[in-house]
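Residue numbers (our numbering): 1447 to 1601. To start, the structure itself, in structure tokens.
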Amino acid sequence: MRSYDFAPLYRATVGFDQIADMMDRVLTKDVTQPTYPPYNIEKTADDAYRISIAVAGFSESDLTVEVKDGSLIVAATKADEDEDRTYLHRGIATRAFQRRFHLADHIRVVGASHVDGMLHIDLQREIPEALKPRRIEIAKADAIEKDVVDAKAVN
């Protein structure tokens, strides 16, 4: 994989630091991405998303979901099990994990549920009124001329 230098991007832009940092993290080949636990990200509506994480063997009390510094952090720790058990085969992984998802601006976590070994986290994009497109009324030419004439009469 080729490595890219984002230094020119930093010099030529203002306020896009997050994008450059994110691209730098994604393209870094030294960092291995964890594969445990498996997860899905789905778009459930135009401005709604759901992250589903397979957390078989964990209870609600073992899981934590936290939003911090623009990131969604899902972590799990399993209480120590009985050491008296002897496993002939142990294929169910219930090791501790921490999974981090970087959230875009205006994405809000609206809820989380734990059903059938799956942790579902629902997200909603909420665009502020100031950033939504708005329609500007076009005034008729007669109304503009009348205002100009009235202003000249006052002066």
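Even for Gly, the Cβ is constructed at its ideal location relative to N, Cα and C.
Check                                                                                                                                                                                  : Outcome
Which residues does DSSP list as the beta-bridge partners of L1509?                                                                                                                    : A1522
Would you tell me roughly how many angstroms separate the C-alpha atoms of D1508 and L1565, rounded to the nearest one?                                                                : 12 Å
Terminal residues of the continuous beta strand (DSSP E) containing H1566?                                                                                                             : 1564–1571
Residues bridged to R1554 by DSSP?                                                                                                                                                     : Q1570
Report yes or no: do three or more beta-carbon pairs, one from the stretch 1495–1505 and one from the stretch 1573–1587, lie closer than 8 Å?                                          : no
Considering only the beta carbon of each residue, do S1517 and L1549 sit closer than 8 Å?                                                                                              : yes
Got a sec? Which residues, its chain only, sit under 6 Å from R1554 by beta carbon, not counting five neighbours each side?                                                            : Q1570, E1572
Sorted by chain position, which residues of the same chain lie with C-beta nearer than 7 Å to T1523's C-beta, five sequence neighbours on each side aside?                             : D1508, A1542
Please work out which residues of its chain come closer than 7 Å, Cβ to Cβ, to G1557, disregarding the five sequence neighbours upstream and downstream, and give them in chain order. : D1568
Between the alpha carbons of S1505 and R1580, how many angstroms are there, rounded?                                                                                                   : 46 Å
Rounded to whole angstroms, what is the Cα-Cα separation between I1465 and F1547?                                                                                                      : 14 Å
Would you say P1480 and V1501 are within 8 Å of each other, going by their C-beta atoms?                                                                                               : no
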